[in-house]
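Trainee:
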Amino acid sequence: MIDWGLMALCIVTMLLGFFELYRTFRFYKWDKKAKEMPTAPYVIYFGTFFSGVLIVVSAMFMMGNTSLTLPKIFYIILGIILVVVAVSMYRRGHQMAKKLGKDDSNIAVWQTYLISTVILITGLINFLR
């Protein structure tokens, strides 16, 4: 017997995942031109990851598979991606630091370095897990 309420919820969740993927792609196209936001690589990564989770989990539930065990290779891939995102954020922060004048505040640069350090540590923990 098909649970139509769960099926409708899975379809709505999948559509939300595709919408999030579309918005992330639009943000990526905007950021490629503007390069104003220092944490843009993390926003792009997280938007893509979150939309992928929404799409894959809802597809799993629609097919009837509810076993959510993740293999070790998933954590290795996640760790590598997080390290790459952290390095790209370091580069973006370095570009921002070079553009600062004498009287400009460097709080945004330090925030970028701090956030990318946390992401780098998280990536290394996932990689070595």
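Each residue of the sequence shown is one higher than the one before, starting from 909 at the first, in the working numbering. Note that the Cβ used here is the ideal one computed from N, Cα and C, for glycine as well.
For the alpha helix (DSSP H) holding LYS1007, just list the boundary residues, first then last.
Mentor: Segment 980-1007, the alpha helix (DSSP H) holding LYS1007.
Trainee: My output table needs one value for ARG931: the three-state DSSP class, helix, strand or coil.
Mentor: Three-state result, ARG931: helix.
Trainee: Let's see if you can read the secondary structure: which residues bound the alpha helix (DSSP H) around ILE952?
Mentor: Run containing ILE952: 948-971, per the alpha helix (DSSP H) assignment.
Trainee: Is ILE910 helix, strand or coil by DSSP?
Mentor: It is coil, neither helix nor strand.
Trainee: Helix or strand or just coil, what does DSSP make of GLU939?
Mentor: The residue you asked about is not Glu; residue 939 is Asp in the sequence shown. In this structure, ASP939 counts as helix in the three-state DSSP scheme.
Trainee: Counting along the chain, where does the alpha helix (DSSP H) carrying SER975 start and finish?
Mentor: Where SER975 is concerned, there is no enclosing alpha helix (DSSP H), given that its DSSP letter is neither H nor E.
Trainee: If I measure Cβ to Cβ from THR1030 and keep anything under 7 Å in the same chain, skipping five residues before and after, which residues do I get?
Mentor: For THR1030, where only same-chain residues beyond five positions count, the Cβ hits under 7 Å are LEU990.
Trainee: On the criterion of 16 or more Cβ atoms from any shown chain inside 10 Å, does ARG1000 qualify as buried, or is it exposed?
Mentor: Looking at its Cβ environment, which holds 16 or more other Cβ atoms inside 10 Å, ARG1000 is buried.
Trainee: Evaluate GLY972 with the Cβ neighbour count: other Cβ atoms within 10 Å of its Cβ, from every protein chain shown; 16 or more gives buried, anything less gives exposed.
Mentor: That one is exposed.
Trainee: Tell me which residue opens and which closes the alpha helix (DSSP H) that ASN1034 is part of.
Mentor: Counting along the chain, the alpha helix (DSSP H) containing ASN1034 begins and ends at 1015-1036.
Trainee: Specify the secondary structure class of MET945 as computed by DSSP and reduced to three states.
Mentor: Here MET945 sits in coil by DSSP.
Trainee: Might you give, ordered along the chain, the residues of its own chain that have their beta carbon closer than 8 Å to the beta carbon of ARG934, omitting 5 neighbours on each side?
Mentor: Closer than 8 Å at the Cβ level, and outside the excluded window around ARG934, lies no residue.
Trainee: Measuring alpha carbon to alpha carbon, tell me which residue in LYS937, SER996, PHE927 is nearest PRO946.
Mentor: Selected option, being the one with the closest Cα: SER996.
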